[in-house]
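Per the numbering used here, residue 59 is the first one in the sequence shown, and the count goes up by one each step.
Think of the CB as a built atom: it goes at the ideal place given N, C-alpha and C, for glycine as much as any other residue.
Model, not experiment: these values are computed from the prediction.
See structure below.
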Amino acid sequence: MQRLASRLILATMVATLAACATSSPDVVQRGDAQRLSTVQDGTILSVRPVTIDGSQSGLGGAAGAVVGGVAGSSVGGSRESAIVGVIGAVAGAAIGNAVERSSTKEEGVELLVQLRNGDRRAIVQAKGNENLQPGDVVVIVSTGGKVRVTKAPPVVN
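So this is what it looks like as structure tokens:
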């Protein structure tokens with residue numbers, strides 16, 4: 059029974075962490091809503107696929123330590139359960155940390171953009187729904203220190 063509870067806690071933790079982390083240009087953070095953003099026009103010079111490393115907030119390690127400690131403390135007698143509980147907590151923390159890091163890793167792109175004034179910018183963002191290619195006319199949207207690149211809308215006269 060305890061093993062099932064431990065697995066359930068770990069599965070819930072992984073699902074929660076995976077849902078929380080994204081740097082997708084298609085997802086706008088709540089704090090960025092209803093904020094004025096700066097927009098710059100540019101042209102994509104190059105697109106390079108990259109992997110955005112996962113985060114390690116400590117939640118995965120903490121949850122893994124709890125699960126490992128509880129699972130380990132149920133082994134053997136009182137003395138053995140204490141020792142195995144500590145070992146389980148350490149192993150659980152390492153596993154939880156690795157699970158968090160791998161579940162928050164995502165595919166991304168490094169975009170080299172030339173602005174209208176000739177300046178160039180390199181921007182890394184998660185791979186969104188748009189398929190950006192060299193030569194695409196884009197806008198760079200900057201809000202509160204965060205930047206995203208998206209295809210420019212058609213110009214209306």
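Query, Result
"Inter-residue CB distance, Gly154 and Gly122 (contact presumed, cutoff 8 Å)", "2 Å"
"Residues near Lys163 by beta carbon distance below 8 Å, same chain, minus five either side", "Thr109, Ile110, Asp111 and Gly112"
"Beta-carbon spacing of Arg179, Val167 below 9 Å", "no"
"Residues bridged to Lys209 [DSSP beta-bridge criterion]", "Val196"
"C-beta atoms of Ile141 and Val207 nearer than 9 Å", "no"
"Chain-order list of residues whose beta-carbon lies under 6 Å from that of Leu66 (same chain, five-residue window excluded)", "Caution is warranted here: a pLDDT of 49 is assigned to Leu66, below 50, making its placement in the model unreliable, and no coordinate value can be reported."
"Boundaries (first-last residue) of the beta strand (DSSP E) holding Pro107", "Thr96 to Ile110"
"Any chain B beta carbon closer than 9 Å to Ala152", "Protein chains in the displayed structure number just one, and chain B is not present."
"Per-residue burial, Ala151 [other beta carbons within 10 Å of its own, 16 or more giving buried]", "buried"
"Element boundaries [beta strand (DSSP E), containing Arg178]", "Arg178 to Ala184"
"Per-residue DSSP class, three states only, for Gly166", "strand"
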